[in-house]
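**Q** Numbered according to my numbering, the sequence shown terminates at residue 1049, and the numbering increases by one at each position without gaps. Glycine included, every Cβ here is placed at the ideal spot set by N, Cα and C. Treat the numbers as computed from the prediction; the structure is a model and nothing was measured.
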Amino acid sequence: MEPTPELSPHHAYPDHWEADVVLRDGGTARIRPITTDDAERLVSFYEQVSDESKYYRFFAPYPRLSDRDVHRFTHHDYVDRVGLAVTIGGEFIGTVRFDRINEQGRPASAPADEAEVAFLVQDAHQGRGVASALLEHIAAVARERGIRRFAAEVLPANNKMIKVFRDAGYTQQRSFEDGSVHLTLDLEPTEKSLAVQRGREQRAEARSVQRLLAPGSVAVIGTGRTPGGVGRTVLRNLLAAGFTGRTYAVNRAFDEGLATLDGVPAHRSLGEIDEQVDLAVIAVPAHRVPEAVADCGEHGVQGLVVLSAGYAERGSAGRELQRELVRQARSYGMRIIGPNAFGIINTAESVRLNASLAPESPARGRIGLFTQSGAIGIALLSGLHRRGAGLSSFISAGNRADVSGNDFLQYSFEDPDTDVALLYLESLGNPRKFTRLARRTAAVKPVVVVKGARHSGTNPPGHAVPVSRIPDATVSALMRQAGVIRVDTVTEMVDAGLLLAGQPLPAGPRVAILGNSESLGLLTYDACLAEGLRPRPPRDLTTAASPQDFRDALAEALADGTCDAVIVTAIPWVGENGEAETGDGEVLAAALRGAAAGGPAKPVAVVHVEIGGLAEALAAASSTAAPRTRPTTLAGRPAAAPGAPTGAAPATATAPTGPGTEAPAETAGTTETAETAETEAAAPPARPGRIPAYPAAERAVRAMAEAVKYAQWRRQAATPGKVPEFLDETTDEPGAAALIDTLLGTAPDPRGRPLTHDEARELLGRYGIPVRPTLPAPDPEAAVAAAARLGYPVALKTTAPHLRHRADLGGVRLDLTDEDALRRAYAEVTELLGKPAELLPVVQSMAPRGVDTVVRASIDAAAGAVLSFGLAGAPSELLGDTAHRLVPATDRDAAELIRSIKAAPVLFGWRGSAPVDTPALEELLLRLSRLVDDHPEVVSVALEPVVVAPQGLTVLGATVRLAPPPPRGDLGPRRLPNY
């Protein structure tokens, strides 16, 4: 909404305060500043508020607003007086305002840093989290305007408002004065306030997806009058799946006398339907979609699945249509899947929803599937169906204009029917949030991701999101840091998903191999070694082995404490006449299932070659799952542990053995931090059910290897690392902040500026990162003088950009022990490479011998701050042997960062060399991580080389770039992204 002309340019309408939010019940609303044009809306809103709520707001009967009140509540300067409103359908449902005050409680201007705040929410919308969302946003606005504290007067009987303040997580003080409760809130975000905010975000977004996947009624808008067409196909699929709710066919072109279509009520518009419609599937041409959305919004529809194409995939004009579609839907409180979507499926027995173009609804299973591509969705549904796998839910988001993979993770985390989440993603709208959500979800159930469009450097058509500039290998490393199982193909995703959904996690990498083919066993053995597993020698049962022999051998392997997983290989039996017999696959499957059910819970996978019916029989195995040990709430969330406060998570939570949990009985719980203060999802089955079968050894082994790595991550995540504080004299955070402000100046260039060597040394020194000084040497005499000042031995280096870190070109001379050696080196370098003015030579004292490494930190617009490590020179530059972690890095991240590069043995005494001081290297990584995390203006740092000696390390070179801090949407109040 645009400001009225009477607002001064200095106090221009702050459109960046506008935001779409998801409320507690999953509906959406818009938060925006109140303007002078809102007088009628404010009066109408106030008329719908009960007398009791008015009394709580004004401490006295206040039946109506006077003209003076209306003027005061709609005229703001957006600095000292600010008002925000929550709107649905353009009408107010809640308001909040603050007025800056001085120490005496009277109106004031800056530098006064306290404000009085007051809320009012329509009674019909109380309990939806409106006030909590308003508090987050008005607090962010206040901090932006230099306000540090809120003061509020609340009547003791107004328990709802007191609870809003109490539960926000801010540091607060409370007193009772003159018959009211006086509250003071410190607006500086705390760990608790951030945890509260993210917990509310998680529950609201999960609920918004649940409303889409479990509607009580569905209307298909655009149902054709004749068989065929998109709308009629969806209606047919809904009926074929046995949807448990009410179904309606809607088409404005229906004849007035048409009462039913395919046995369901037929209507020309939603207005003709007397009952509530929860979900609308829109299958009309793009130019008619706005009319359909308006009809849905005016009749209380909760969510939309838009199958219609013709949006952002068609170019810039279509992209604007798509944005307008999202704005329109959200204005009515609705969320959208699509446009250009394939549809959604929920196989829960209580729902049985197939609102998609898939002709056959998949069987009920434990896998949740999200895809941004309709074609890939079709392929995945077909592949899972052929393998006998069932789904719990399926979302094909199309252009992903609203509901995204992040929302699906929020839902999957809570969904008691989902044990494994599979996602095919072509773009990440909010990578920071994705990583955070994936880490929390992966702590309780596996998350398997295939990332399309990895190397194009652009987004697929229809996906208007920030483009990441970091290499795909870095994206993969960051996903694995968050516990995500990143695979390259949809086939690998299905392979891994089947194993993780049907089998317990392995306790380690030790794999037993058994079967009736020596050759197939050896292939499996080699594949295990290639994937980093520790296979035992294959056990050959010979081609004469019977199903009972397989059962006995599998039972023996499972009982063996020296193996963590078993891969069974099987080929057709050879008859007495020498011809291969396919045998009875069902008999072998029954034998393998019996052994798996009777032995210790360890993962089992089968590699088979042309054994008819084996894969189908294994897939058809019914789970022997025990009842879930923890009840769920009506919202689908696990109930809190006995004695735990509502909304609080226990310190630890341990799931019984089963898919996605550890086996054998080792600690499988995760210690949940305040950031992930959510109860663990209900436990998966306690015994293996379906045994996955694979047509090739490499595929089975790769799936098992992913399970091993994920299980290891789960064990480590149970005791997370810590981010060191460095609260000593070596760290000067305020001094670094002041230095950065000085270096950037009052009007910094948005492109930023590189620091000089001395500036970089000073800034890094504030965080205990000393950089060995260099002195310029524009001529031989200056070089000699510099060496005398630094002390021999010295190094002579060229620092011209084209020669930096290129010792192979002859621009670096080391161990110069005296003046003669330095003069000779100077003459040789200038004769070989050019004039001193071109080479920019410097002199630096020699460092102790060690291993040359490189440490970097950079800010990516999409992924956030990334810390990188590798060996200097060819290993990292030519071979790409570099490891990456997200900032802030923990002590565990730093240790893993050093050890995860392929050349790591060089640091630990390779071929008899002395091990280097890796603890000092880990500390350097953590200090740099802390610097970048504390000061987002530091957009890139490169320490090269860092020479790590057996005792200590030396930073010989450093480049630092400062820029105005990029926006951090993940740290502000809750808001839906605008693509």
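Start and end of the beta strand (DSSP E) containing residue 255?
**A** Sequence index remark: in the sequence shown, residue 255 carries index 185 (1-based). From DSSP, the beta strand (DSSP E) with residue 255 extends over 250 to 256.
**Q** For residue 318, which of helix, strand or coil comes out of DSSP?
**A** Here residue 318 corresponds to residue number 248 of the sequence shown, with the count starting at 1. If DSSP states are grouped into helix, strand and coil, residue 318 belongs with the strands.
**Q** By DSSP's criteria, residue 823 is part of a beta bridge. Which residues make up the other side?
**A** Counting from 1 along the sequence shown, the entry for residue 823 is found at position 753. Answer is 1032.
**Q** Counting Cβ pairs closer than 8 Å, one from the region 955 to 962 and one from the region 993 to 1000, do we hit at least three?
**A** Touching, yes.
**Q** Quick check on the DSSP output: the beta strand (DSSP E) that includes residue 337 runs from which residue to which?
**A** Sequence index remark: in the sequence shown, residue 337 carries index 267 (1-based). Run containing residue 337: 334 to 337, per the beta strand (DSSP E) assignment.
**Q** DSSP three-state call for residue 793: helix, strand or coil?
**A** Here residue 793 corresponds to residue number 723 of the sequence shown, with the count starting at 1. Three-state result, residue 793: coil.
**Q** Does DSSP put residue 958 in a helix, in a strand, or in coil?
**A** For the purposes of this step, residue 958 is taken as the residue at position 888 of the sequence shown. Coil, per DSSP.
**Q** Which residues does DSSP pair with residue 189 in a beta bridge?
**A** As a first step, residue 189 must be located in the sequence shown, where it is residue number 119. Partner(s): 166.
**Q** Assign residue 148 to one of three DSSP states: helix, strand, or coil.
**A** By 1-based counting over the sequence shown, the position of residue 148 is 78. Coil, per DSSP.
**Q** Please confirm whether residue 1050 and residue 917 have their CB atoms less than 7 Å apart.
**A** As displayed, the chain neither begins before 71 nor continues past 1049, which places residue 1050 out of reach and without an answer.
**Q** Could you check what DSSP says for residue 437 in three-state terms: helix, strand or coil?
**A** Numbered from 1 along the sequence shown, position 367 holds the residue referred to as residue 437. Reduced to three states, the DSSP call for residue 437 is strand.
**Q** Report the CB separation of residue 564 from residue 453 in whole angstroms; it is logged as a contact under 8 Å.
**A** Counted from its first residue, the sequence shown places residue 564 at position 494. Counted from its first residue, the sequence shown places residue 453 at position 383. Indeed they touch by this definition, with Cβ atoms about 5 Å apart.
**Q** By Cβ distance, which residues of its chain are closer than 8 Å to residue 243, with the 5 residues on each side in sequence left out?
**A** Here residue 243 refers to the residue found at position 173 when the sequence shown is read from its first residue. Closer than 8 Å at the Cβ level, and outside the excluded window around residue 243, lie 253 and 254.
**Q** When you compare the region 150 to 158 with the region 92 to 107, are there three or more beta-carbon pairs, one atom per stretch, that lie closer than 8 Å?
**A** Counting Cβ pairs under 8 Å, three or more are found: they touch.
**Q** Is residue 191 closer than 7 Å to residue 164 when the C-beta atoms are compared?
**A** Numbered from 1 along the sequence shown, position 94 holds the residue referred to as residue 164. Numbered from 1 along the sequence shown, position 121 holds the residue referred to as residue 191. Yes, these two residues count as a Cβ contact at 7 Å.
**Q** Can you tell me which of 474, 437, 442 and 391 puts its alpha carbon nearest to the alpha carbon of residue 485?
**A** The sequence position of residue 485 within the sequence shown is 415, counting from 1. That would be 437, whose Cα lies nearest to the Cα of residue 485.
**Q** Keeping to the same chain, check which residues put their C-beta closer than 8 Å to that of residue 595; ignore five residues upstream and five downstream.
**A** For this step, residue 595 is matched to residue 525 along the sequence shown. Only 583, 605, 607 and 608 meet the Cβ criterion.
**Q** If you reduce the DSSP assignment to three classes, tell me which class residue 839 lands in.
**A** The sequence position of residue 839 within the sequence shown is 769, counting from 1. Note: residue 839 maps to coil in three-state DSSP.
**Q** Classify residue 159: buried if its beta carbon has 16 or more other beta carbons within 10 angstroms, exposed otherwise.
**A** Here the question's residue 159 lines up with position 89 in the sequence shown. By the 10 Å Cβ count, residue 159 comes out exposed.
**Q** DSSP on residue 568, reduced to helix/strand/coil?
**A** For this step, residue 568 is matched to residue 498 along the sequence shown. Three-state result, residue 568: helix.
**Q** Enumerate, from N- to C-terminal direction, the unbroken alpha helix (DSSP H) stretches of 4 or more residues contained entirely within the region 463 to 492.
**A** Taking only runs of at least 4 residues, the alpha helix (DSSP H) segments lying wholly in the region 463 to 492 are 475 to 484.
**Q** Alpha carbon to alpha carbon, how far is residue 843 from residue 853?
**A** Walking along the sequence shown from the start, residue 843 turns up at place 773. Walking along the sequence shown from the start, residue 853 turns up at place 783. Whole-angstrom Cα-Cα distance: 14 Å.
**Q** Would you report the Cα separation of residue 88 and residue 206, rounded to the nearest angstrom?
**A** Walking along the sequence shown from the start, residue 88 turns up at place 18. Walking along the sequence shown from the start, residue 206 turns up at place 136. So the alpha carbons of these two residues sit roughly 13 Å apart.
**Q** In three-state terms, what does DSSP make of residue 1045?
**A** Against the sequence shown, residue 1045 aligns to sequence position 975. Coil at residue 1045, not helix or strand.
**Q** State the DSSP-derived secondary structure class of residue 832, mapped to helix, strand or coil.
**A** Taking the first residue of the sequence shown as 1, we reach residue 832 at position 762. In the structure shown, residue 832 sits in a helix (DSSP, three-state: H, G or I).
**Q** Span of the alpha helix (DSSP H) holding residue 398?
**A** Taking the sequence shown and counting its residues from 1, the one referred to as residue 398 is at position 328. From DSSP, the alpha helix (DSSP H) with residue 398 extends over 386 to 401.
**Q** For residue 888, which residues of its own chain have a beta-carbon under 7 Å away from its beta-carbon, when the five flanking residues on both sides are left out?
**A** Taking the sequence shown and counting its residues from 1, the one referred to as residue 888 is at position 818. Within the same chain, residue 888 has close Cβ partners 862.
**Q** Roughly how many whole angstroms lie between the Cα atoms of residue 703 and residue 434?
**A** Position 633 of the sequence shown, counting from 1, holds the residue named residue 703. Position 364 of the sequence shown, counting from 1, holds the residue named residue 434. With a pLDDT of only 35 at residue 703, under the threshold of 50, the placement of this residue in the model should not be trusted; the figure read from the coordinates follows. Each residue's Cα considered, the two are about 22 Å apart.
**Q** Taking just the CA atoms, how far does residue 786 sit from residue 551?
**A** By one-based count along the sequence shown, residue 551 stands at place 481. By one-based count along the sequence shown, residue 786 stands at place 716. The straight-line gap from Cα to Cα measures roughly 11 Å.
**Q** Quick one: Cα of residue 61 to Cα of residue 766, how far?
**A** Outside the modelled stretch of the chain, which goes from 71 to 1049, sits residue 61, for which no answer is possible.
**Q** Less than 7 Å between the C-beta atoms of residue 308 and residue 314, yes or no?
**A** To locate residue 308, count along the sequence shown from 1; it is residue 238. To locate residue 314, count along the sequence shown from 1; it is residue 244. Against a cut-off of 7 Å, the Cβ pair of residue 314 and residue 308 comes out as no contact.
**Q** Enumerate in chain order the residues of its own chain whose CB-to-CB distance from residue 369 is below 7 Å, with the five nearest sequence positions on each side excluded.
**A** On the sequence shown, position 299 is the one that residue 369 refers to. Correct list, in chain order: 340, 341 and 347.
**Q** If we count Cβ pairs, one from each stretch, closer than 8 Å, do we get three or more for the region 121 to 129 versus the region 223 to 230?
**A** The answer is yes - the region 223 to 230 touches the region 121 to 129, with three or more Cβ pairs under 8 Å.
**Q** Among 943, 882 and 578, which has the Cα closest to the Cα of residue 913?
**A** In the sequence shown, counting from the first residue as 1, residue 913 sits at position 843. Of the listed residues, the one whose Cα sits closest to residue 913 is 882.
**Q** Alpha carbon to alpha carbon, how far is residue 845 from residue 446?
**A** Position 775 of the sequence shown, counting from 1, holds the residue named residue 845. Position 376 of the sequence shown, counting from 1, holds the residue named residue 446. If I take the Cα positions, the gap works out to 59 Å.
**Q** Which ranges would you report for the alpha helix (DSSP H) in the region 621 to 686 if only whole runs of at least 4 residues count?
**A** Counting whole runs of 4 or more residues, the region 621 to 686 contains the alpha helix (DSSP H) stretches 655 to 668.
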